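Presented below is the structure to which this report refers.
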Amino acid sequence: MSKKGIVLSPPFTPLPAGGIRCGGDPSPLDLRKYLMYWDEIDYPSNNFIHISSPDIDYLEKAKALKRTNVVFQGTVSSGQGEFFVAAQEAALMENQKNEPGSWTIAQVSGVPFYTQSHAGIAVDFELYGMLPIPSEDTPLADILEFKVQRRDELIAFRNYLDDIYQKIISSADIPRAKNTEIAKLELAINDLNKVLNESGMRRVVTNLRNTINLDFSGIIGVGLGAAGVASLIHMSPLLLGMASAGVVVGFKSIAMPGATKCPTQFSYLNSVRQNFKC
Numbered sequence: 666m667s668k669k670g671i672v673l674s675p676p677f678t679p680l681p682a683g684g685i686r687c688g689g690d691p692s693p694l695d696l697r698k699y700l701m702y703w704d705e706i707d708y709p710s711n712n713f714i715h716i717s718s719p720d721i722d723y724l725e726k727a728k729a730l731k732r733t734n735v736v737f738q739g740t741v742s743s744g745q746g747e748f749f750v751a752a753q754e755a756a757l758m759e760n761q762k763n764e765p766g767s768w769t770i771a772q773v774s775g776v777p778f779y780t781q782s783h784a785g786i787a788v789d790f791e792l793y794g795m796l797p798i799p800s801e802d803t804p805l806a807d808i809l810e811f812k813v814q815r816r817d818e819l820i821a822f823r824n825y826l827d828d829i830y831q832k833i834i835s836s837a838d839i840p841r842a843k844n845t846e847i848a849k850l851e852l853a854i855n856d857l858n859k860v861l862n863e864s865g866m867r868r869v870v871t872n873l874r875n876t877i878n879l880d881f882s883g884i885i886g887v888g889l890g891a892a893g894v895a896s897l898i899h900m901s902p903l904l905l906g907m908a909s910a911g912v913v914v915g916f917k918s919i920a921m922p923g924a925t926k927c928p929t930q931f932s933y934l935n936s937v938r939q940n941f942k943c
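In this text, residue positions in the sequence shown follow our numbering: the first is 666, and each later residue adds one.
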């Protein structure tokens, strides 16, 4: 299984007049989600600002998080705050150069933002109410130990998720309820939930949203029927009463990154949906 790394942004909100407003370090819950399901986090620094927290410092010392140092020359932004995203894109390019195909990005925002972008019809893929992660007060050392002990289950989950992404890319189709990959994914998630429960760690059932940055505009309405409308594939809920837990998949008009500045097919975004404690 190849390494999976993710370059993380600070939380931000796009501004109507252009640029973004940043709000400090990622939440403890966001850090625990990306720590749980990725091998390494890159939280880049630049010569304008260095954002840190006790959690970030601990993970850096434990070598679970690194900081790609980005040095900007001259004018970086035309609006407000773009140097945060510019640093993320530069770190992604550096990581992809050193470890091709192993890295992607996560933007702690419900809306994507890139220094160079174009509008396109992408696939928005989300595990809704399905992803178990340790709660925000879980010691980071406990999560690191869990990842060593339960590496096989975590790899199985990532494999099944990758299968679904690749099936979408290769066939330009929406996975259906009877799709084999969806069934395997449900088993992998249930296995993870079971071993997390056995570990004694308090859990939060949250969402994982991924935008597949390929322009599907050319195939909308061609043999897809209702696939252009967001669909929900129901799965066994991890929480009593969460009958709507499942996989939400749909086409969406969204900003896509320019390949020369941000070479990734996948961008992870914050969900607009609620987290659930169990």
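Beta carbons are placed, not taken as given, at the ideal position from N, Cα and C, and that holds for glycine.
Every value quoted in this text rests on a predicted model; they were computed, and no experiment measured them.
Within a Cβ cutoff of 8 Å, which residues of the same chain sit near residue i, ignoring the five residues on either side of it in sequence?
i, result
"TRP703", "LYS669, GLY670, ILE671"
"VAL736", "ASN711, ASN712"
When DSSP labels each residue in this structure, what does residue i get in the three-state scheme?
i, result
"ARG732", "coil"
"GLU764", "coil"
"GLN772", "strand"
"ALA806", "helix"
"LYS843", "Because LYS843 sits at a pLDDT of 45, beneath the cut-off of 50, its placement in the model cannot be relied upon, and the following sentence gives the value as read from the coordinates. Residue state, collapsed to three classes: coil."
"ALA727", "coil"
"MET795", "strand"
"LYS849", "helix"
"ALA891", "Note that ALA891 scores 35 on pLDDT, short of 50, meaning its location in the model is unreliable; the coordinates nonetheless yield the value given after this. Correct three-state label for ALA891: helix."
"LEU673", "strand"
"TYR779", "coil"
"SER918", "strand"
"ILE877", "strand"
"TYR699", "helix"
"ASP690", "coil"
"PRO719", "helix"
"GLY906", "Interpretation of GLY906 is limited by its pLDDT of 43, a score under 50 that renders its predicted location unreliable; no figure is taken from the coordinates."
"ILE714", "coil"
"ASN872", "strand"
"PHE931", "strand"
"PHE790", "strand"
"ASP704", "coil"
"ALA756", "helix"
Measuring alpha carbon to alpha carbon, tell me which of the options ends up nearest residue i.
i, options, result
"MET701", "GLY915, THR733, ASN858", "ASN858"
"GLY775", "VAL914, VAL913, PRO676", "PRO676"
"ALA784", "SER936, THR929, SER882", "SER882"
"ILE706", "LYS731, ASN712, ARG686", "LYS731"
"ILE716", "PHE748, LYS698, VAL788", "PHE748"
"THR803", "MET866, GLU764, ASN855, VAL750", "MET866"
"SER936", "ASN712, SER918, THR876, GLY923", "THR876"
"ASP880", "ARG697, TYR708, LYS812, MET921", "MET921"
"ILE786", "SER835, VAL869, SER918", "SER918"
"VAL914", "PHE713, VAL750, GLN814, VAL788", "VAL788"
"GLN761", "TYR933, ALA924, LEU934", "ALA924"
"PRO681", "ASN763, GLY766, PHE778, LEU696", "PHE778"
Using C-beta distances below 7 Å, list every residue in its chain close to residue i, excluding the 5 sequence neighbours before and after it, in chain order.
i, result
"LEU809", "ALA727, ALA729"
"SER718", "ASP690"
Leaving out five residues on either side along the sequence, give the residues of the same chain with a beta carbon under 6 Å from the beta carbon of residue i.
i, result
"GLU759", "THR733"
"SER926", "The amino acid at residue 926 is misidentified as Ser; the sequence shows Lys. The residues are GLU754, THR780, GLN781."
"ILE854", "MET795"
"LYS849", "TYR825"
"GLN930", "ASN878"
"TYR933", "ALA771, ASN875"
Pairing CB atoms from the segment 762 to 773 with CB atoms from the segment 785 to 800, are three or more of them under 8 Å? no
How about the segment 714 to 722 and the segment 818 to 837: do they share at least three Cβ pairs that are nearer than 8 Å? no
Is the number of C-beta pairs between the segment 754 to 761 and the segment 687 to 694 that are closer than 8 Å three or more? no
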